[in-house]
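Worksheet: the structure to be examined is printed underneath.
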Amino acid sequence: MKPIPSNLEKLARKRRVLLLQGPVGPFFRRLADWLETRGARVFKINFNGGDEAYYPAAEGVSAYRGTPEAFAEFLAPFLKEHKIDAVVCFGDNRLYHVIAKEICVAARVSFWAFEEGYFRPHFVTLEEGGVNAHSPLPREGSFFLKAQRKLAVQQYRPPAPVPDGFRPRAKRAMWYYAAANLFSSRYPAYRHHRAFGLPHYIGLWLRSGIRRAGYALFDHRFAAQTAKGRFGRFFIVPLQVFNDSQVHVHSDFASVRDFLLHVLESFAAHAPSDTTLIIKHHPMDRGFTDYSRDIAAFAARHPDLKRRIYYVHDVPLPVFLRHGAGMVTLNSTSGLSALIHNMPVKLLGRAHYDIPGLTSRQPLAEFWQNPQPPDRELFTAYRLYHINVTQINGSFYSRVNLPDTLPRRRKK
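For what it's worth, our numbering labels the leading residue of the sequence shown as 156, then goes sequentially.
Right under this line is the structure:
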């Protein structure tokens, strides 16, 4: 019985591949080299100067300078002219990539999306058809249980560590945004998926560093107190980045703030009086948002909760996962980390891992009272499937370990 091939293996079989926008940094350039050594003909479309900085003009590289509205008219004949059989992007919710997916479906061209790792750190994700809640994989536990016997690797093995963190990301991003702004006249109609000015980001990164230093002592003490059981029975709420497409596309909440206020109201109304709520800010959002006033205002309206709600920033998530009673999240991949620790998880948005037996089916009001843990056998099968099929060891911002063992073919 042949094992289920990884998505990377399936992509490597494609003969004529088009790359759209990748993560900031040289990963897509390295991916193209890797695909070409396996016989593929690789094409690239750049949309701004940042794309160009990491993937310079050369044979097979095109610059799209039109409007987003005209992109479909550009892409459809491009796919036909160059006989493209696979389109690859990073992030399937970006405007140009949403358009590209529609064109691919109509043209019967396979559409592939990279994303940050579902299981972090040391992994990145590749899926055909979409990622996160757009993943085409079934939301049925039986699929993963049946597939387990067909996997090449039957037992979990920790991934090889790769450098990651704020510094390599910031370094790549600074060069990307600097080039994008410097050469903005070349791409006058380009529309980015978030704020695009380099001075804007420099100021926010500086603020992030200052805040991190300011939070350090409190967070260090809080972590130690958590490990000692100081907060008793508690629930952890990991917040997501304020402009995360997971929030705006894969949930019915208008913002992270709306999600937070909803959770606070539910906790106040339904959680047992001996429980605590710990809200964890996203580390990459430190310079952008601060919910302390919202939390303080809520606590002022509910004085009985004053010593039952805490807001932290850089306490390592595993500290909470080892000691908490449950997690409430919109659709963060932190939920998968919680499942690794056998922690009950309640999702309030849409996610690829929202599967009966993994995440709670209870209403939030009941979850506070009696959170149900995941099915260990199912989670083992689920994680092994992804490690074998959708996950690739590495980090976009340092090194992705593309294997040398896949077969090489002649170019066409």
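Glycine residues also receive a C-beta, built at the ideal position from the N, C-alpha and C atoms. Computed from a predicted structure; not experimentally measured.
For residue i and residue j, what's the separation of their Cα atoms in angstroms?
i, j, result
"Arg263", "Arg366", "49 Å"
"Thr192", "Lys157", "25 Å"
"Pro178", "Phe269", "9 Å"
"Ile200", "Met329", "21 Å"
"Ile434", "Gly320", "21 Å"
"Glu164", "Leu186", "13 Å"
"Gly490", "Phe534", "12 Å"
"Tyr466", "Val418", "13 Å"
"Ala218", "Arg346", "14 Å"
"His143", "Ala335", "Examination of residue 143 is not possible in this model, given that the chain is present from 156 through 567 alone."
"Gly512", "Arg341", "51 Å"
"Pro499", "Gln517", "11 Å"
"Ala382", "Asn398", "32 Å"
"Ser410", "Leu234", "36 Å"
"Asp449", "Arg412", "8 Å"
"Arg505", "Gly352", "31 Å"
"Ala111", "Leu539", "Residue 111 is absent from the model: the chain starts at 156 and stops at 567."
"Thr431", "Pro343", "51 Å"
Which residue comes first and which comes last in the beta strand (DSSP E) that contains residue i?
i, result
"Tyr508", "First-last for Tyr508: undefined, no H or E at that position."
"Thr280", "278-283"
"Phe321", "Careful: Phe321 lies outside any beta strand (DSSP E), inside the alpha helix (DSSP H) at 321-337."
"Leu174", "171-174"
"Glu270", "265-271"
Just to confirm the assignment, what range does the alpha helix (DSSP H) spanning residue i have?
i, result
"Asn543", "531-544"
"Glu191", "182-192"
"Val404", "400-404"
"Arg388", "Careful: Arg388 lies outside any alpha helix (DSSP H), inside the beta strand (DSSP E) at 388-393."
"His355", "353-382"
"Gly296", "296-302"
"Gln524", "519-524"
"Asn162", "162-167"
So is residue i in contact with chain B if we call contact Cβ pairs under 8 Å?
i, result
"Leu416", "Judged by its chain identifiers, the structure shown contains no chain B, having just a single protein chain."
Residue i and residue j look like a contact to me (Cβ under 8 Å); what is the Cβ gap, rounded to whole Å?
i, j, result
"Gln546", "Phe274", "6 Å"
"Val243", "Gly215", "The Cβ separation is near 14 Å, so there is no contact."
"Val483", "Phe182", "With 8 Å as the limit, Val483 and Phe182 do not qualify as a contact, their Cβ atoms being about 33 Å apart."
"Ile529", "Gly481", "The sequence given here places Pro at residue 529; Ile does not occur at that position. That belief does not hold up - the Cβ atoms of Pro529 and Gly481 are roughly 11 Å apart, past 8 Å."
"Asp509", "Arg294", "7 Å"
Only counting the same chain, and skipping five residues up and downstream in sequence, which positions put a Cβ closer than 7 Å to that of residue i?
i, result
"Val544", "Ile159, Ser161, Asn162"
"Arg477", "His496"
"Gly180", "Tyr209, Arg327, Phe551, Tyr552"
"Pro316", "His277"
"His541", "Tyr273, Phe274"
"Arg102", "As shown, the chain starts at 156 and ends at 567. That puts residue 102 outside it, with no answer to give."
"Ser290", "Glu282, His507"
"Leu571", "Only positions 156 to 567 of the chain appear in this structure, which leaves residue 571 out of reach."
Excluding the 5 residues preceding and the 5 following residue i in the sequence, name in chain order all residues of the same chain whose CB lies nearer than 6 Å to its CB.
i, result
"His436", "Leu394, His468"
"Lys238", "Arg171"
"Pro323", "Tyr552, Ser553"
"Tyr537", "Phe299"
"Lys256", "Phe266"
"Asp247", "Ala268, Gly285, Val286, His289"
"Leu503", "Leu485"
"Gly549", "Val279, Val317, Val555, Asn556"
Using only the heavy atoms of the ligand HEM, determine whether one of them is closer than 7 Å to the beta carbon of residue i.
i, result
"Ile464", "Absence of the ligand HEM is noted for the structure shown, with no ligands found whatsoever."
**Report entry** Contained alpha helix (DSSP H) runs [length at least 4] in the stretch 423-504, N- to C-terminal order
**Finding:** 447-456, 472-476, 489-495
Query raised in the report: Enumerated in chain order, which unbroken segments of the beta strand (DSSP E) with a length of 3 residues or greater are wholly contained in the stretch 196-250?
Result: 196-201, 216-218, 241-245
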